[in-house]
Amino acid sequence: MLGALAMVLADDMREAVDEALRTTGETAAALIMLGAHPGVQIGELARALRLTHSGAVRLVDRLQKEELVRREVGQDSRTVVLRLTREGAKRRLVALRQRDRVLERALAHLSDAEADVLGRCLDKMLRGLLTKKEHGYRYCRMCDEDTCVPQHCPVEERWEELFG
Numbered sequence: 001m002l003g004a005l006a007m008v009l010a011d012d013m014r015e016a017v018d019e020a021l022r023t024t025g026e027t028a029a030a031l032i033m034l035g036a037h038p039g040v041q042i043g044e045l046a047r048a049l050r051l052t053h054s055g056a057v058r059l060v061d062r063l064q065k066e067e068l069v070r071r072e073v074g075q076d077s078r079t080v081v082l083r084l085t086r087e088g089a090k091r092r093l094v095a096l097r098q099r100d101r102v103l104e105r106a107l108a109h110l111s112d113a114e115a116d117v118l119g120r121c122l123d124k125m126l127r128g129l130l131t132k133k134e135h136g137y138r139y140c141r142m143c144d145e146d147t148c149v150p151q152h153c154p155v156e157e158r159w160e161e162l163f164g
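Numbering (UniProt numbering), first residue to last: 1 to 164.
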């Protein structure tokens, strides 16, 4: 049942976000991640989205052509970091709103007590899955970190516990 729920939610989120942004592929995940983590490099984006490096470069090229992302020189002149443009930030918020609508629809069937229990279980499950091999960017690529991080993010907290 957990697998079926995970698939339905993932499909519904992707469909809602892609429809709202009139896009496909990993565009929404890239915008959401880059908004939460400005200044990441293309390699980090590729790992988080499970793309090849060349696939991530093509994605960034497309996002840059659409004026949603810009490349900047990193801390040294050999690195390039990614940042959202103003339009990219607006589209990110649209994507997050659509994602939230799907999740709210699923959670609407639970009482407050059930939602609390589910939240604690999900927190424990996420913490248990995190490994150094897979940085938290993969887990959080479609997260609303503006909501999660100020309170507590199980992925970031567990990362600090294990590898901080």
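Glycine residues also receive a C-beta, built at the ideal position from the N, C-alpha and C atoms.
Note that the structure is predicted; figures quoted are calculated from it, not measured.
Could you pull the start and end residues of the beta strand (DSSP E) that Glu72 belongs to? Val69 to Val73
So, at 8 Å on beta carbons, what are the nonlocal neighbours of Leu59 in its own chain, with the 5 sequence-adjacent residues on each side left out? Gly25, Glu26, Thr27, Ala30, Leu45, Leu49 and Leu51
Leu21 versus Val94 - alpha carbon distance: 7 Å
Quick one: what's got a C-beta closer than 7 Å to Val81's C-beta in the same chain, skipping five residues either side? Gly39, Val40, Gln41, Glu72 and Gly74
If Leu107 sits next to Ala115, beta carbons under 8 Å apart, how far is it from one beta carbon to the other, in whole angstroms? 6 Å
Quick check: what's the CA-CA separation for Cys143 versus Tyr137? 10 Å
What are the residues that DSSP puts in a beta bridge with Val80? Val73
Going by DSSP, name the residue or residues bridged to Gln41. Val81
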